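Letter by letter, the sequence shown follows residues 858 to 1079 in my numbering.
Worksheet: the structure to be examined is printed underneath.
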Amino acid sequence: MIRILYIEDEKEIGQWVSKELTERGYEVTWLESGEDLEQHIASKDIAILDVMLPGLDGFSIGKRIKRENKDLPILMLSARTAIEDKIEGLHFADDYVTKPFHPDELVARLEVLLRRYQKNDDVLALKHLKIYTKDMRIINTLDEEEILLTGKQFYLLQYFIRHLNQILTKEQLYEGVWGESYIEGDKTLMVHIRYLREKIEVNPAKPLIIETIRGIGYRVKL
858 MIRILYIEDE
868 KEIGQWVSKE
878 LTERGYEVTW
888 LESGEDLEQH
898 IASKDIAILD
908 VMLPGLDGFS
918 IGKRIKRENK
928 DLPILMLSAR
938 TAIEDKIEGL
948 HFADDYVTKP
958 FHPDELVARL
968 EVLLRRYQKN
978 DDVLALKHLK
988 IYTKDMRIIN
998 TLDEEEILLT
1008 GKQFYLLQYF
1018 IRHLNQILTK
1028 EQLYEGVWGE
1038 SYIEGDKTLM
1048 VHIRYLREKI
1058 EVNPAKPLII
1068 ETIRGIGYRV
1078 KL
């Protein structure tokens, strides 16, 4: 599960964002200031920072995070739209989202950063598969052979792993992996899932890893 450090002092916004991210399968640690920052930096996969905070502002906190852990991606949130503020934030942060924003946009930006940094737990046991999620090596434990995926198959499985036990719609999957809006009737996703199943399932005709949720989408369960 992806672990998010979220710093936001406005309770209403903090509760809303935390709820949206938790429902989408993320583990969220929400702080209202940067006072207890140090104890969380090493254990998180990504940080979301509001700019306007009591005490140290988001810019100062973000710079401190990068000094402590340069490999922790940072996403800035702010109501400030001035180009000067964005430039200041992007001197150390990896992305900058202005308020108001839709939760789908926030999640899409998170997924891009996570793909870039490839932050995941080290090893995941999934049915007969052993998945080394840091570099996405996949071993079939039935024969100890490595399973090789194409680029899109890799990103598709990685997206499922980031949303374990969550039912994902075709729209969510297509937008999360391809970065484009899904067009009804497009068979691209279905074809890629079929090919992915042929590589990772014992019996692709009766898949146990990638479930089809009729009328909704797909799910990968532990």
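Glycine included, C-beta positions come from ideal geometry on N, C-alpha and C.
Since the model is a prediction, treat every value here as computed from it, not as a measurement.
* To do: Put R1076 into one of helix, strand or coil per three-state DSSP.
  => strand
* **Candidates A936, I1066, K1027, T1007: closest to L1021 by CA position** => Per the Cα distances, I1066.
* Taking contact to mean at least 3 C-beta pairs separated by less than 8 Å, is the segment 926-943 in contact with the segment 991-1005? -> The segment 926-943 makes no contact with the segment 991-1005: fewer than 3 CB pairs, one atom from each, lie closer than 8 Å.
* Kindly confirm or deny that the segment 860-872 and the segment 893-908 touch, where touching means at least three C-beta pairs closer than 8 Å. => Output reads yes: the segment 893-908 touches the segment 860-872.
* Compute the distance between the beta-carbons of L1013 and H1049, then report whether it is under 8 Å. => yes
* CB of I1018 within 8 Å of CB of I988, strictly -> With contacts defined as CB atoms closer than 8 Å, I1018 and I988 qualify as a contacting pair.
* alpha helix (DSSP H) containing T1045: first to last residue? -> It spans 1045-1057 - the alpha helix (DSSP H) in which T1045 sits, taken as one unbroken run.
* Are there 16 or more other CB atoms within 10 angstroms of the CB of E968, so buried, or fewer, so exposed? -> buried
* **8 Å Cβ cutoff met for E1026 and G1074** => First, the residue type needs correcting, since residue 1026 is Thr and not Glu in the sequence shown. Yes, these two residues count as a Cβ contact at 8 Å.
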